[in-house]
Every structure is written in C-alpha cells, then in structure tokens.
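So the number in my numbering is just where the residue sits in the sequence shown, counting from 1, plus 18.
Remarks on the structure that follows.
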Amino acid sequence: MRITGGSWLGLQVDVPSGLDVRPTPDKVRQAIFNSLGPRVENARVLELFAGTGALSLESLSRGAASALCIEKSDRHAKFIRDNTRRT
C-alpha cells in the first residue's frame, strides 16, 4: 500500500500481515481525496478504527494541519506509529 498524492506521494505504508485489518485500497483512497480536493488543506482529521493509519497519512501528505488516529489494538497502533515515523 502506498500514499497516492501530496508531498509523500509513493511512500510505502506497511500493513500488518496476519492481523485482522482491511486497509482502504489505494484507488479508493485516491478517489476519496480527489473528490475532497482542496478541503483537505489545513483540515484537522480524526480517523476512528485507524488500522494502518493510511487515511491520516494520506490527509497529512495532502496538506492537513493535523491527524489523530484512534485504534483499539496495540499491535495495529504500533504499525501506525512505525508508519508515521517514516514520514
């Protein structure tokens, strides 16, 4: 999985294998953010059930001011932290 737009275009997002997580596919995320257009810039993003944090990372890459990921699973949260550190 990768970031589809913005300053981190092409950045690989790690997805935990063997864990119950279903990340939003690249093409779906790209369609969502293309439809949102400039409204993402300077937005504050809240991602519930974050899983990989890909939606938050995509938002930040496209100019969001901040993003907060909420994830119940400690194992998934670790992947979110690891992915965030790579940006």
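Virtual Cβ for every residue (Gly too), placed ideally from N, Cα, C.
Counted within 10 angstroms of its Cβ, other Cβ atoms place residue i as buried (16 or more) or exposed
i, result
"residue 88", "exposed"
"residue 83", "exposed"
"residue 59", "exposed"
"residue 55", "exposed"
"residue 74", "buried"
"residue 104", "exposed"
"residue 71", "buried"
Nearest neighbour of residue i, chosen from the options [CA to CA]
i, options, result
"residue 66", "29, 100, 34 and 95", "95"
"residue 51", "41, 39 and 78", "78"
"residue 53", "80, 31 and 40", "80"
"residue 85", "47, 25 and 61", "61"
First through last residue of the beta strand (DSSP E) which encompasses residue i
i, result
"residue 46", "It is not in any beta strand (DSSP E) - residue 46 instead sits in the alpha helix (DSSP H) that spans 44 to 54."
Sheet register partners of residue i (DSSP bridge)
i, result
"residue 85", "63"
"residue 20", "30"
Residue span of the alpha helix (DSSP H) that contains residue i, given as start and end
i, result
"residue 96", "92 to 103"
"residue 74", "72 to 79"
Simplified DSSP assignment, three categories, for residue i
i, result
"residue 57", "helix"
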